[in-house]
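Before any comments, here is the structure.
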Amino acid sequence: MIPITHFLAVSACIFCIGLYAVISKRNAIMILVGIELMINAAILNLVAFGRYDKVHYGGQVFALFAIVLAAAAVAVGLSIILMVYRKYKTINPDQITDLRD
Amino acid sequence: MDLILFYAFATLAITSALLVVSLKNTARALFLFFIVLFAMAGLYLFALADFVAITQVLVYVGGVLILMIFAFMLSNKELLSDLQNLSGSFIQLPNWQSLALSLGFLGLMIYGIWQWNQGYSPAWIDQNIKTGQIIHPKDNNINQLGVLFMSRYILPFEIISIFLMMTLIGAAHIARKGEED
Numbered sequence: 816m817i818p819i820t821h822f823l824a825v826s827a828c829i830f831c832i833g834l835y836a837v838i839s840k841r842n843a844i845m846i847l848v849g850i851e852l853m854i855n856a857a858i859l860n861l862v863a864f865g866r867y868d869k870v871h872y873g874g875q876v877f878a879l880f881a882i883v884l885a886a887a888a889v890a891v892g893l894s895i896i897l898m899v900y901r902k903y904k905t906i907n908p909d910q911i912t913d914l915r916d
Numbered sequence: 089m090d091l092i093l094f095y096a097f098a099t100l101a102i103t104s105a106l107l108v109v110s111l112k113n114t115a116r117a118l119f120l121f122f123i124v125l126f127a128m129a130g131l132y133l134f135a136l137a138d139f140v141a142i143t144q145v146l147v148y149v150g151g152v153l154i155l156m157i158f159a160f161m162l163s164n165k166e167l168l169s170d171l172q173n174l175s176g177s178f179i180q181l182p183n184w185q186s187l188a189l190s191l192g193f194l195g196l197m198i199y200g201i202w203q204w205n206q207g208y209s210p211a212w213i214d215q216n217i218k219t220g221q222i223i224h225p226k227d228n229n230i231n232q233l234g235v236l237f238m239s240r241y242i243l244p245f246e247i248i249s250i251f252l253m254m255t256l257i258g259a260a261h262i263a264r265k266g267e268e269d
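Quick note, the sequences are listed as chains S and R, same order.
In the numbering used here, each number is its position in the first sequence, counted from 1, plus 815.
In the numbering used here, each number is its position in the second sequence, counted from 1, plus 88.
The following block contains the structure:
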């Protein structure tokens, strides 16, 4: 059995890489990739703790829920990015200042 | 042996994630993101969550990443390279500031984990270890998950199904309205 702190350390690294992508990138798709990395780190924590819960399987069940939520978020985010690209001809979040003209 | 494989997957995930955030070329970064997701699925296997790993490969690699590459290719050629010539931004900080911020956060979390490792573990983990209620490699995970989804977690399951349908319809609606303009 791999100790749980190893899982926590790896997921902390992945989470911080995602955080770096979210706050430093100038491309909306890369920001979405950073958010996905952070969600993946959270899912790794969930399954690592879920190993100790055989009765309710809470960790794995909510890891699956988190995957579904991330998929929904990506679908909506990408359609918004496409719309914004059509309107502004850029996906740099700096240059997108209003929701409608 | 377990530990060696675990660390192989962990280094694969972390190094390719670092490459993803450091590459200037967005298309290459997106294709490297494949490797990160596969390595994360491998890490889930070591937490004895085989069904979660398979779902990760199906949903993320099969759905999310393909969607991202589509959206990326439907936008501009000039976006192949990261736009770095701008200043005076709203949320984006310069690279070194964001690096310092995330490294500080990493240090904080590692310190927290190290503190947590010093003999303290939650009561429910201790109790489950004592009564033997932890998942073993030979358990029938998928069977148990199916039973639990249809009994204990039926309400969240239905809610998330409806939520997923709503968001997909909403996404299609947003994307469709643009074409009429």
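Note that the Cβ used here is the ideal one computed from N, Cα and C, for glycine as well.
Just so we're clear, the structure is a prediction, and the values are computed from it rather than from any experiment.
Take F134 of chain R as the anchor and find which of R:L256, R:W184, R:L236 and R:M89 has the nearest alpha-carbon.
The shortest Cα separation from F134 of chain R among R:L256, R:W184, R:L236 and R:M89 belongs to R:M89.
For chain R, is any of its Cβ atoms less than 8 Å away from the one on D913 of chain S?
Chain R contact via Cβ: absent.
Would a C-beta distance cut-off of 8 Å place G833 of chain S and L852 of chain S closer than the cut-off?
For G833 of chain S and L852 of chain S, yes; Cβs fall inside 8 Å.
Measure the CB-CB distance between A881 of chain S and T255 of chain R and report whether it falls below 8 Å.
It is not a contact, given that the beta carbons lie outside the stated cut-off.
Please report whether the beta-carbon of A887 of chain S lies at a distance below 8 Å from any beta-carbon of chain R.
Yes, A887 of chain S counts as interfacial toward chain R.
Could you work out which residue in S:A888, S:G892, S:A857 and S:A887 is closest to Q875 of chain S when comparing CA atoms only?
It is S:A857.
Run through DSSP, which three-state label would G176 of chain R get?
Note that G176 of chain R scores a pLDDT of 49, beneath 50, so its modelled location is shaky; the value from the coordinates is reported in the next line. It is coil, neither helix nor strand.
Return the residues of the stretch 820-839 of chain S that lie within a Cβ-Cβ distance of less than 9 Å from chain R, sorted by chain order.
Result list: T820, H821, F822, L823, A824, V825, S826, A827, C828, I829, F830, C831, I832, G833, L834, Y835, A836, V837, I838 and S839.
Enumerate, from N- to C-terminal direction, the unbroken beta strand (DSSP E) stretches of 3 or more residues contained entirely within the stretch 185-253 of chain R.
For the stretch 185-253 of chain R, not a single whole beta strand (DSSP E) run of length 3 or above is found.
Could you spell out where the alpha helix (DSSP H) holding K902 of chain S opens and where it closes?
Unbroken alpha helix (DSSP H) run through K902 of chain S: G873 to Y903.
Suppose contacts are defined by Cβ-Cβ distances below 8 Å. Is I896 of chain S in contact with I906 of chain S by that definition?
Cβ distance < 8 Å, so I896 of chain S and I906 of chain S count as in contact.
For a quick check, are the C-beta atoms of N842 of chain S and T114 of chain R less than 8 Å apart?
In this structure, T114 of chain R lies closer than 8 Å to N842 of chain S by Cβ.
Could you check whether A127 of chain R and A141 of chain R sit closer than 8 Å to each other, using their CB atoms as the reference points?
Result no, Cβ atoms of A141 of chain R and A127 of chain R do not sit closer than 8 Å.
Note the first and the last residue of the continuous alpha helix (DSSP H) segment covering T273 of chain R.
Absent from the model: residue 273 of chain R. The displayed extent of chain R is 89 to 269, so no value can be given.
Could you tell me which chain S residues have their CB closer than 7 Å to the CB of Q232 of chain R, listed as they occur along the chain?
Simply Y872.
Counting along the chain, where does the alpha helix (DSSP H) carrying L136 of chain R start and finish?
L136 of chain R -> no alpha helix (DSSP H), and no H or E assigned at all.
L194 of chain R to S186 of chain R, Cα distance in whole Å?
Each residue's alpha carbon lies about 12 Å from the other.
Measuring only between beta-carbons, confirm whether R116 of chain R sits less than 8 Å from chain S.
Cβ-Cβ to chain S under 8 Å: no for R116 of chain R.
Mark A211 of chain R as exposed unless 16 or more other C-beta atoms lie within 10 angstroms of its C-beta, in which case mark it buried.
Per the 10 Å Cβ criterion, exposed.
Which residues in the same chain have their Cβ closer than 6 Å to the Cβ of A885 of chain S, if we skip the five residues on either side of it in sequence?
Only I854 meet the Cβ criterion.
Does the beta-carbon distance from A827 of chain S to V109 of chain R come in below 8 Å?
It is not a contact, given that the beta carbons lie outside the stated cut-off.
Whose C-beta lies closer than 8 Å to the C-beta of R116 of chain R among residues of the same chain, with five residues either side of it excluded?
No residues qualify anywhere along the chain.
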